[in-house]
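Participant: Chains as they are written, first to last, in my numbering: chain A, 1 to 283; chain B, 1001 to 1169. Backbone N, C-alpha and C fix where the C-beta goes; we use that ideal spot for every residue, glycine too. Below is a structure I'd like to ask you about.
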């Protein structure tokens, strides 16, 4: 009986020895960061939670053509393009600084984007949170001779918090509370400040292609007849480039413009075709 | 109890083994990465050896390469870790000098299990069990597809170097 007991015990312990080799080195509970919630630093028009990687310079060139319903004379909008060029530099894993120029209102842009919270695979935050702060400078010749040409009147600002969750390798969703301030508005009854909430997401169709959608809902704008921005598009990744092709009712490509100054109506076909092309350079 | 204690006494492990891989098909843009958070354990009484590799922990010099590695090639969300479990063939009792040994085992990587044999050099240095190994894995053996567009940059043959210094547990 004793021999049998020892035999069983030895057998059990050697079985145990076989199985727990992996247990010894397993670190399944390690909190690892979720990556690649979105392919690009923008969902479509709006910022995503993603930043350019540390010590990389991202160059993005973006176009929005004219409305598709403008007919054959304008080649369905292709004759009338708005353009935006931007350079964003990843200072660290959590901070990026950007400069941009928009052809719309000859607007210069300076921005700062920070990654505040990183989503973890387990034992950590269920969402990633980033913030975005931008200042816009309208550099058109002064168009209102009755008003004093103050530099401050040319400035407007956007502040956004991006909260996103990558649910699985295909699906990521983001909600973006946004605040826009304009130093100068056209009439006294208009609010200088307004709020908006962005809803965006992507679904990967394959490893290198995703379909994206984005909507910005505006609040407290009683005296302005602007439409909410709705955009649909694809991200296509090829090596060092990400191509984003989309249709949107916003022609502007910076926050004050596409969140607050969208005029296109989807039902009437005032839709702009556009693209963003990004290239990253490791510095 | 005595025999169990003796078994335990023969085990060596580390969580900081290093795995380095290289694909040097294109001389201009070498694809290489290092992971130094690899778990390794050797049981000298049963001749067993096991490795566990968190795929996300591979560090590249170029961030975009790291992203593509995780997203497009090894699919580290679907297959977060690779494991190897093998047995030393002809493990000598005395490891005070360097021995070149053969390990036969199963590599579980990217959802594919494959029997492989690798050469390992092993010896005790200052009480640590130090092992190194160089071998070649084929992407095609593990279901990793290389698109035609990058086939001039990425080799199917991946050269792997493993270094581990294990301490007694």
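1) With a CB to CB cut of under 6 Å and the five nearest residues on each side skipped, what residues in its chain are close to residue 81(A)?
2) Using the Cα positions of residue 11(A) and residue 1045(B), report the straight-line distance between them to the nearest angstrom.
3) Taking all protein chains shown into account, decide if residue 1100(B) is buried (16 or more other Cβ within 10 angstroms of its Cβ) or exposed.
4) Is any beta-carbon of chain A found at less than 9 Å from that of residue 1033(B)?
5) In whole angstroms, give me the CA-to-CA distance for residue 43(A) and residue 1087(B).
6) Quick check: the Cα distance between residue 200(A) and residue 1111(B), rounded to an integer number of angstroms?
7) Determine the chain B residues that contact residue 280(A) at a beta-carbon separation under 7 Å, and present them in chain order.
8) What in chain B is Cβ-close to residue 240(A), meaning under 7 Å?
9) Drop a sphere of 10 angstroms on the beta-carbon of residue 202(A), count the other beta-carbons inside from all chains shown, and report buried for 16 or more, exposed for fewer.
10) Does any CB atom of chain B fall closer than 9 Å to the CB of residue 86(A)?
11) Using a C-beta to C-beta distance shorter than 7 Å, which residues of chain B count as neighbours of residue 35(A)?
12) Determine, using beta carbons only, whether residue 180(A) and residue 158(A) come nearer to each other than 9 Å.
13) Flag residue 1135(B) as yes if its beta-carbon sits less than 9 Å from any beta-carbon of chain A, otherwise no.
14) At the level of alpha carbons, what is the spacing between residue 1072(B) and residue 184(A)?
15) Can you give me the C-alpha to C-alpha distance between residue 264(A) and residue 133(A), rounded to a whole angstrom?
16) Is any beta-carbon of chain A found at less than 9 Å from that of residue 1041(B)?
17) Am I right that residue 1159(B) and residue 1123(B) are in contact with their C-beta atoms under 8 Å? What's the rounded C-beta distance?
18) Measuring straight from C-alpha to C-alpha, what distance separates residue 5(A) and residue 1127(B)?
19) Name the chain A residues whose beta carbon is nearer than 9 Å to that of residue 1050(B)?
20) Kindly indicate which residue of 1058(B), 1080(B), 1040(B) has the alpha-carbon position closest to the one of residue 1051(B).
Facilitator: The relevant details are as follows:
1) Beyond the five residues adjoining it in sequence on each side, residue 81(A) comes within less than 6 Å, by CB distance, of 63, 65 in the same chain, given in chain order.
2) Interpretation of residue 11(A) is limited by its pLDDT of 44, a score under 50 that renders its predicted location unreliable; the figure taken from the coordinates is listed afterwards. For residue 11(A) and residue 1045(B), the gap between their C-alpha atoms comes out near 14 Å.
3) Exposed, because fewer than 16 other Cβ atoms sit within 10 Å of the Cβ of residue 1100(B).
4) Residue 1033(B) does not count as touching chain A.
5) When rounded, the distance between both Cα atoms is 49 Å.
6) Near 32 Å, if we compare the C-alpha coordinates of residue 1111(B) and residue 200(A).
7) Taking a Cβ-Cβ threshold of 7 Å, the residues of chain B close to residue 280(A) are 1064, in chain order.
8) Ordered by position in chain B, the residues that pass the 7 Å Cβ test against residue 240(A) are 1064.
9) Counting Cβ neighbours within 10 Å, residue 202(A) comes out buried, since at least 16 surround it.
10) Not closer than 9 Å to any Cβ of chain B, the Cβ of residue 86(A) fails to qualify, so no.
11) The CB of residue 35(A) comes closer than 7 Å to the CB of 1067, 1070 in chain B, given here in chain order.
12) Taking 9 Å as the Cβ cut-off, residue 180(A) and residue 158(A) qualify as a contacting pair.
13) No, residue 1135(B) lies away from the interface with chain A (no Cβ there is under 9 Å from its Cβ).
14) Rounded to the nearest whole angstrom, the CA to CA distance from residue 1072(B) to residue 184(A) is 47 Å.
15) Straight across, the Cα-Cα distance linking residue 264(A) with residue 133(A) is about 26 Å.
16) Residue 1041(B) counts as touching chain A.
17) Between residue 1159(B) and residue 1123(B) the beta-carbon gap is near 23 Å, outside 8 Å, which marks them as no contact.
18) With a pLDDT of only 49 at residue 5(A), under the threshold of 50, the placement of this residue in the model should not be trusted, and no figure is reported.
19) Listed along chain A are 21, 22, 24, 25, each with a C-beta nearer than 9 Å to that of residue 1050(B).
20) Closest option to residue 1051(B), Cα to Cα, is 1040(B).
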